[in-house]
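Participant:
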Amino acid sequence: MEFFKNAVGRKILMSITGQLLIIFVIVHFIGNSSIFLGADGINAYAKHLHDLPPLVWIFRLVMLTGVAIHIIYGIQVTLENNKANTKSYAVQKHLKATFASKTMIWTGLLIALFVLYHLAHFTLHITNPEISAGVAANFDALQRPDVFKMVVLSFQKGLIAVIYAAAMVMLFLHLSHGIQSFLQTMGWNNDKTRPCFGAVGKVVSGLLLVGYVSIPLVIITGLLKL
Amino acid sequence: MSEHKTMTLTLNVWRQKGPNDPGKFETYTAKGITEHHSFLEMIDVVNEDLIKSGKEPIVFDHDCREGICGMCSQVINGVPHGGQERTTVCQLHMRKFKDGDTIFIEPWRATAFPIIKDLVVDRSAYDTIIQAGGYTSCHTGGVPDGNTLPIPKQDADYAMDAAECIGCGACAAACPNSSAMLFTSAKVAQLAALPQGQVEAAARVKNMVETMQACGFGNCSNHYECQAACPKGIDVKFIARLNREYLKAQFK
Amino acid sequence: MILDGKCPQGPIEKTWDKHRFDLKLVNPANKRKYNIIVVGTGLAGGAAAATLGELGYNVQAFCYQDSPRRAHSIAAQGGINAAKAYPNDGDSIYRLFYDTIKGGDFRAREADVWRLAQVSNNIIDQCVAQGVPFARDYAGYLDNRSFGGAQVSRTFYARGQTGQQLLLGAYSALSRQIKAGTVKMFTRREMLDLVVVDGVAKGITCRNLISGELESYAADAVCLATGGYVNVFYLSTNAMGCSVTANWKAYKKGAFFANPCYTQIHPTCIPQAGDYQSKLTLMSESLRNDGRCWVPKKKEDLGKHPNEIAEEDRDYYLERKYPSFGNLAPRDIASRAAKEQCDDGRGVGPGGRGVYLDFSSAIKRVGEHTIKERYGNLFEMYEKITDENAYKRPMRMYPAPHYSMGGLWVDYNLMSNIPGLFVLGEANFSVHGANRLGASALMQGLADGYFVIPYTIGGYLATVKPSGITTDNAEFKKSIEEVQNYSKKLLSVNGKKTVSEFMRELGSLMWENCGMARSKESLEENLKKIPALREEFWKNVKVTGTGADLNQDLENAGRTADFLEFGELLCRDAHHRNESCGGHFRTEFQTSDGEAQRDDENYCYVGAWEYKGDGKTPELHKEPLKFENVHLAVRSYK
Chain A
76 MEFFKNAVGR KILMSITGQL LIIFVIVHFI GNSSIFLGAD GINAYAKHLH DLPPLVWIFR
136 LVMLTGVAIH IIYGIQVTLE NNKANTKSYA VQKHLKATFA SKTMIWTGLL IALFVLYHLA
196 HFTLHITNPE ISAGVAANFD ALQRPDVFKM VVLSFQKGLI AVIYAAAMVM LFLHLSHGIQ
256 SFLQTMGWNN DKTRPCFGAV GKVVSGLLLV GYVSIPLVII TGLLKL
Chain E
467 MSEHKTMTLT LNVWRQKGPN DPGKFETYTA KGITEHHSFL EMIDVVNEDL IKSGKEPIVF
527 DHDCREGICG MCSQVINGVP HGGQERTTVC QLHMRKFKDG DTIFIEPWRA TAFPIIKDLV
587 VDRSAYDTII QAGGYTSCHT GGVPDGNTLP IPKQDADYAM DAAECIGCGA CAAACPNSSA
647 MLFTSAKVAQ LAALPQGQVE AAARVKNMVE TMQACGFGNC SNHYECQAAC PKGIDVKFIA
707 RLNREYLKAQ FK
Chain H
1169 MILDGKCPQG PIEKTWDKHR FDLKLVNPAN KRKYNIIVVG TGLAGGAAAA TLGELGYNVQ
1229 AFCYQDSPRR AHSIAAQGGI NAAKAYPNDG DSIYRLFYDT IKGGDFRARE ADVWRLAQVS
1289 NNIIDQCVAQ GVPFARDYAG YLDNRSFGGA QVSRTFYARG QTGQQLLLGA YSALSRQIKA
1349 GTVKMFTRRE MLDLVVVDGV AKGITCRNLI SGELESYAAD AVCLATGGYV NVFYLSTNAM
1409 GCSVTANWKA YKKGAFFANP CYTQIHPTCI PQAGDYQSKL TLMSESLRND GRCWVPKKKE
1469 DLGKHPNEIA EEDRDYYLER KYPSFGNLAP RDIASRAAKE QCDDGRGVGP GGRGVYLDFS
1529 SAIKRVGEHT IKERYGNLFE MYEKITDENA YKRPMRMYPA PHYSMGGLWV DYNLMSNIPG
1589 LFVLGEANFS VHGANRLGAS ALMQGLADGY FVIPYTIGGY LATVKPSGIT TDNAEFKKSI
1649 EEVQNYSKKL LSVNGKKTVS EFMRELGSLM WENCGMARSK ESLEENLKKI PALREEFWKN
1709 VKVTGTGADL NQDLENAGRT ADFLEFGELL CRDAHHRNES CGGHFRTEFQ TSDGEAQRDD
1769 ENYCYVGAWE YKGDGKTPEL HKEPLKFENV HLAVRSYK
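Next comes the structure, spelled out in C-alpha cells:
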C-alpha cells in the first residue's frame, strides 16, 4: 500500500509506534519504581507479571512489531535522507535543529542495543551470570524469584550502573525530540498548541530520565541496599 | 548616514563550471563596500572587477531584487539567505557585516537541486511538485461570483500566510534531510483552508507528497530548520496541516 | 499610413459582446492541430498559455527565469481593480471605463478600455476560484480599498502581495496544463528573434540560457507577453532581467512600436542611496492613503531631523496644490510635484532627491497597531533597505521609472501589424493611454490572458489553415545564423568598458533628458548622445566568457545593445509629440500653473513607429483616436 512507502505515511507509522514505545517506557518505569518499596514491592510485581502469561505474550508481540516498524523505517528514512543530502556545506550553521534532532538515528540505535543488553542481563541472564544465576536459584521468603536482589547486586557494580544511566540519557535525547515530533506528525501542532507541546516533550522526557536514573543512583549510593 | 566609511571583505565563493565539474572555493576581495550596499550589489562590485580583469564573473540567480520573485539563492556563512530573519539575499544589506569579515558563499545543496554553474542550481523539482496538484482544477470562465462563498477572515488570513511562499528553495537547502516539506505543505495548507481547494484536497496531498519523494527530496523529521531559514517565515504548522490532510485523505 | 485599430462600432456597451459573437471559432477537434507560442509567463503570458492550453491548442511557453512563477508581475503590491461595486459606492463598469480613459489622459482607445472594464469582474471570480487568498472582511466577503486616486473602493488585494498571489494563481493554472500535456514549458530561454515567413509570424529563435544553444520553435501564432521596457532608465522598479529585447526584435522584424514615450514614473519609491545601486524599490501607492507628503518650507531646515521641523514649517505640497485629491493625486501628477519640490532645492536625503511621506498624523488618528496591520510588510521592507524606522520618522520617497504604457502596436484583437503576432499585457500599448492608474496593470495582464486572447486568437486561426510549418524552413535557419553572428560580435569586441557601465550611462542620459520632464533641447541632446554611446559600445564593450554555456554577461550585453537602440526611439517619439500628456511631460507645454497641456487638435493619435533599417529614421504611422463616449476634457485633480 502507498501509505507504507509514503514520506508522510511512514512518519505517521513511526510516530505511532514511537508513542507505543513511550507508553511502554512509562508503564515499565511505574512497575520498576516498585523497587523503592523494597524486595516485597518489586518481587510481587515481577510475580504478578509472570502470572499473566497469555496477556504478556500478546503485549510482547505488539511491542515487538512496533519496535521492528520503528527501527526499520527509522533506518530506511535516514538512508533516504542521506541520499537526498549528499553534499554538506563547507560552512554550516543550524538555526533550529538541535543535537537531539540531528542524532535520532544514533540515539535510537544505541537504545536498541541497550534493550538487547537489558534483556540479556535481566531476562535471559546471559551477562553477569554470577548475579543472575544466583537469583534463579534463590527465591525470596514467599517463594518468588528474588528480582530485588538481582537488581541491587547489579547496580552495585559501577560499570552496570553507568551503562544504564548512559542509556537513559540516550532515551532522554531521543524522546525530547520524539515527543514533540509525534505531535507535529499527527498534525496537532498549531499556533495555540505549539508552546505547550514543546514543553510537554521536554517535561515528559526529563521526568523519565530522572525517574529511571534514580534507581541505579539510589543503589550505588547505598540508599537502597539488600 | 556614514557614507564615506567603506568596508573590505574577503569572499570565499563556490565556483563550479558545470554540473560535472567538481567545483572549488575561490577567494576574492570586495573593496569599497558601504553599509547601504545590498549583498548582491556587493557581488556586482566584485563581478565588475572580475570582468575588467578578463575573468568570468560569478554566476548567480537574481531578478526582482526586492525579495519577492524567489530567484536569489545563496548560502551565506552556512545559512540560506544569510540568516537575517525574513530576508532574502537581495534584501540583505551589508550593514549586517563588519569591515574585514570573511564570508563563505555557496549554492543551495541538495540532491534534488543539481548545480548548474557557480551559485546557480536547478530548482525545477519545485515546479514538478506544484504540477502534481498545487492548483484547483477550475476552468477559465464559468466560475461563480467571487462573493458567492463567504470565507471566514481567519481562514483567508491563514491561507494567505501559507501562500506567501516564494518558492526559493531555502527550506530544502536548509533542511538537514533536504526535504521540501515546508514548500509542499504551504501549498497544500493554503488550498485546504479554502472551500475552493477542499474539493480536491485528498488527491492533492497524496500526489504532491509522492511527487516530492520522487523528485529526490528527503523526509521531514521535524528539525524546523526550514522555518528558520525561510525568507517569508512560513510556519511549520503548515507541515502539521499537511500531515493531518494526509491522514484525512486515507479515509476518503 | 493611417492605422486601423479595427474597433467594433456601435454602442460601446455592446462592442465586446458583439465582437465576440462575430469572431470565427475553431472547431474543437481542430484546435490541437494549431501550435501557439507564448513568450513570457507573467500575468498575461501565464494566463494566456494556461487558457489556450485548456481550450485544446498546442502551446509552447517560454520564460527567461528558472520557473514561470517568477515573472515580475509578482512584485506588484497594491491590488487589482474591478467594477464589482461590492461596497455600494457608485462604481460601475462605465465608471471604471471612464476613470481609465481620463486617467490615461485621453490617449487610449475607447473600445479596448471598455472591454477591460467589462471583463474586470470575471477576473476576480476566476482568481477566487483558483484559491487566491484575497483579503476578506469579517463577514467573509471580499474586501476592497480605494487606491491610486480612485474615488470609489474597487481595488481587491492580498495584503501587500497582490501581484504575487495573482501570478501564483495563473502559475497554478499553467502548472495544471503542463501536467495535462497541453502546454510545454521552456524555462531559462530568452527570445532573441521573431521568425516571419512570407509576412506572417511563424516562430521564434531563443537562446537556451543554460547550454547557450540557439533553438528554433515554429507555430501558427506567436504571443508576446514580455513586459515593459523601463529598465532603459537603468534604475527602475523592474526586475534585473526585464528588457525590451523580445519587443525590439519583433520591431526589427516589422512590428510597429507604439507610444514608446509614455513611461510611468511611480511617485513612491525608496530614493537612491549611492552610485553602486542596481535597482530601485517601490513602496506601494496605498501608503499615500495614510501618509502625507511634505518637504521643509525653508531650505535651512534641510539638515534637521524631520521630527524637529515645526508643523508650520512643513509644506504639504500635494494637499496645497490639489485640495480635493490631496495625497491621492494620480501617479504622474504626484511624481512631478515631488520633482518640482526637489528642483526647488527643498528635497531631503542624499543628493536632495527625496520627499517625506509622513505617517505621524495617521498613527495619532488610528494608532500604530492599525498602521502596522495595513502596511506592516512595507515598513519592514523600508527598514531593511534604509535602516530607518518609519513609525518613528517619516519615510523618504522619490519617483522612479515603473511601468511603460507604450509597447508594440496592436489592433482590437491584440494582433500587431504582423499577422499571427499577438502582444499581451504591458508589452502592448493598448489600454493605459499616456498614464496608467494604480491597480490597473494586473487587471490588464489577466484580462488579456484569460478573457481576450482566447477569443481573438481563435478568430485569427480560424482564418488560416494549420500551417504544419517546421523549423526546417529556411527563415528559421537564417534567423539562427543572424543571432549567432550577433552573439559572436558581442563577444569579440573585447574592449575596456563593462556592459553595466554602458547601461548606467544610457540610464542616466534617459533619466536626465527624457525622464519625468522632457524638452526639445534635452531630447535633441539625447538623439545625438545615444547613437554615439551605441557606437562606443560596439567598439569598446567587454563581454567575458563564451556563448556555449550560462553566461549572464552575454545576456546583459544583448539586452543593453537593444536598449541602446530603443532609447533613441523613445526619445524620438518624445521629441515628435509636441504636447504634454500623462507620463509624457514636455516642459514647453504646460499651463501657467505647471500642469500638463495636451494638444488634442494635433496629437490625439497613437504614434506607431516602423523600423526602416539600421541607421535609417523610423517611419511614424498614426492611428487617430476618437472619443465618442468620454468627452475630451482637461484632466483636473484640483
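Protein chains in written order, with my numbering: chain A, 76 to 301; chain E, 467 to 718; chain H, 1169 to 1806. Where a beta carbon is used, it is the ideal one built from N, C-alpha and C, also for glycine.
Which residues in chain E sit within 9 Å of Q1432/H, going by Cβ to Cβ distance?
Facilitator: None at all; the shortest Cβ gap to chain E is about 17 Å.
Participant: Flag T1449/H as yes if its beta-carbon sits less than 8 Å from any beta-carbon of chain E, otherwise no.
Facilitator: At least one chain E Cβ lies under 8 Å of T1449/H.
Participant: Taking its Cβ as the centre, do 16 or more other Cβ atoms sit within 10 Å of S504/E, making it buried, or is it exposed?
Facilitator: Under this definition S504/E is a buried residue.
Participant: Buried or exposed: which applies to Y287/A, given that a residue is buried once 16 or more other Cβ atoms fall within 10 Å of its Cβ?
Facilitator: By the 10 Å Cβ count, Y287/A comes out buried.
Participant: Going by DSSP, what residue range makes up the alpha helix (DSSP H) through K1560/H?
Facilitator: Counting along the chain, K1560/H falls outside any alpha helix (DSSP H), and DSSP gives it neither H nor E.
Participant: Determine, using beta carbons only, whether A164/A and E572/E come nearer to each other than 8 Å.
Facilitator: A small fix is needed here, since residue 164/A is Tyr in this sequence, not Ala. It is a contact, given that the beta carbons lie within the stated cut-off.
Participant: Which first and last residues belong to the alpha helix (DSSP H) in which D623/E is found?
Facilitator: Its alpha helix (DSSP H) spans residues 619-629.
Participant: Could you compute how far the alpha carbon of L1800/H sits from the alpha carbon of L1486/H?
Facilitator: Distance between the alpha carbons of L1800/H and L1486/H: 25 Å.
Participant: With respect to the beta strand (DSSP E) encompassing F491/E, which residues constitute its N-terminal and C-terminal limits?
Facilitator: From DSSP, the beta strand (DSSP E) with F491/E extends over 490-499.
Participant: Could you check whether L1525/H and L1455/H sit closer than 8 Å to each other, using their CB atoms as the reference points?
Facilitator: In this structure, L1525/H lies closer than 8 Å to L1455/H by Cβ.
Participant: Is it buried or exposed, V1194/H, if we count other Cβ atoms within 10 angstroms and call 16 or more buried?
Facilitator: Result: buried.
Participant: Reducing DSSP to helix, strand and coil, say where D487/E ends up.
Facilitator: Coil.
Participant: In angstroms with no decimal places, state the Cα-to-Cα distance between S539/E and K483/E.
Facilitator: Their Cα atoms are separated by approximately 17 Å.
Participant: Using alpha carbons as the reference points, say which of M1169/H, F1189/H, I1170/H lies closest to P1176/H.
Facilitator: If we check each option's Cα against that of P1176/H, F1189/H comes out closest.
Participant: Please confirm whether G178/A has its beta-carbon closer than 8 Å to some beta-carbon of chain E.
Facilitator: Gly is not the amino acid found at residue 178/A; the sequence shown has Thr there. No, T178/A lies away from the interface with chain E (no Cβ there is under 8 Å from its Cβ).
Participant: Whole angstroms is fine: what's the gap from Q1720/H's alpha carbon to A638/E's?
Facilitator: Each residue's alpha carbon lies about 26 Å from the other.
Participant: Can V1412/H and Y1397/H be called in contact, C-beta distance under 8 Å?
Facilitator: In this structure, Y1397/H lies closer than 8 Å to V1412/H by Cβ.
Participant: With DSSP as the reference, label A1276/H as helix, strand or coil.
Facilitator: In the structure shown, A1276/H sits in coil (DSSP, three-state: anything other than H, G, I, E or B).
Participant: Who are the neighbours of A695/E on chain A, taking C-beta pairs under 8 Å?
Facilitator: Simply L170.
Participant: Residues of the segment 589-604 of chain E in Cβ contact with chain H at a cutoff of 8 Å, in chain order, please.
Facilitator: For the segment 589-604 of chain E, which is checked against every Cβ of chain H, the residues closer than 8 Å are R589, S590, Y592, D593, I596, Q597, A598, G600, Y601, T602, S603, C604.
Participant: Is N160/A close to chain E, meaning its C-beta is less than 8 Å from at least one C-beta of that chain?
Facilitator: Chain E contact via Cβ: present.
Participant: Looking at the unbroken alpha helix (DSSP H) that takes in D588/E, where does it start and where does it end?
Facilitator: Segment: none, D588/E is in no alpha helix (DSSP H) and carries neither H nor E.
Participant: What does the alpha-carbon distance come out to for the pair L1392/H and A1595/H?
Facilitator: Near 7 Å, if we compare the C-alpha coordinates of A1595/H and L1392/H.
Participant: Is it true that the segment 612-624 of chain E meets the segment 678-696 of chain E, where meeting means three or more beta-carbon pairs spaced less than 8 Å apart?
Facilitator: The segment 612-624 of chain E, when compared against the segment 678-696 of chain E, does not touch it at the 8 Å Cβ threshold.
Participant: The beta strand (DSSP E) with P1428/H in it runs from where to where?
Facilitator: Per DSSP, P1428/H belongs to no beta strand (DSSP E) and is neither H nor E.
Participant: Is the CB-CB distance between A652/E and A667/E below 8 Å?
Facilitator: Not closer than 8 Å, so no.
Participant: Taking C-beta to C-beta, are A598/E and M647/E nearer than 8 Å?
Facilitator: No, the Cβ-Cβ distance between A598/E and M647/E is not below 8 Å.
Participant: Between I294/A and F230/A, what straight-line distance do the alpha-carbon atoms span, to the nearest angstrom?
Facilitator: Roughly 6 Å separates the two Cα atoms.
Participant: By how many angstroms is the C-alpha of Y1266/H removed from the C-alpha of S468/E?
Facilitator: Any reading at S468/E needs caution, since the residue's pLDDT is 44, under 50, leaving its predicted position unreliable; the model's value is listed next. Whole-angstrom Cα-Cα distance: 49 Å.
Participant: Is there a Cβ from chain E that is less than 8 Å from the Cβ of S109/A?
Facilitator: S109/A does not count as touching chain E.
Participant: S1340/H CB to nearest chain E CB: under 8 Å?
Facilitator: Yes, S1340/H counts as interfacial toward chain E.
Participant: If I follow the unbroken alpha helix (DSSP H) through S1655/H, where does it start and stop?
Facilitator: Where S1655/H is concerned, the enclosing alpha helix (DSSP H) stretches over 1642-1660.
Participant: Using a beta-carbon distance cut-off of less than 9 Å, what residues from the segment 474-506 of chain E approach chain H?
Facilitator: Going along the segment 474-506 of chain E in chain order, one finds K483, G484, G498, I499, T500, E501, H502, H503, S504, L506 with a Cβ nearer than 9 Å to chain H.
Participant: Confirm, please, whether the CB-CB distance from V1709/H to K1665/H is below 8 Å.
Facilitator: Against a cut-off of 8 Å, the Cβ pair of V1709/H and K1665/H comes out as a contact.
Participant: I need the straight-line Cα distance from L1738/H to L708/E, nearest angstrom please.
Facilitator: Those two C-alpha atoms are separated by around 52 Å.
Participant: Would you give the residue range spanned by the beta strand (DSSP E) that W1184/H belongs to?
Facilitator: Premise fails: W1184/H lies in the alpha helix (DSSP H), 1180-1190, not in any beta strand (DSSP E).
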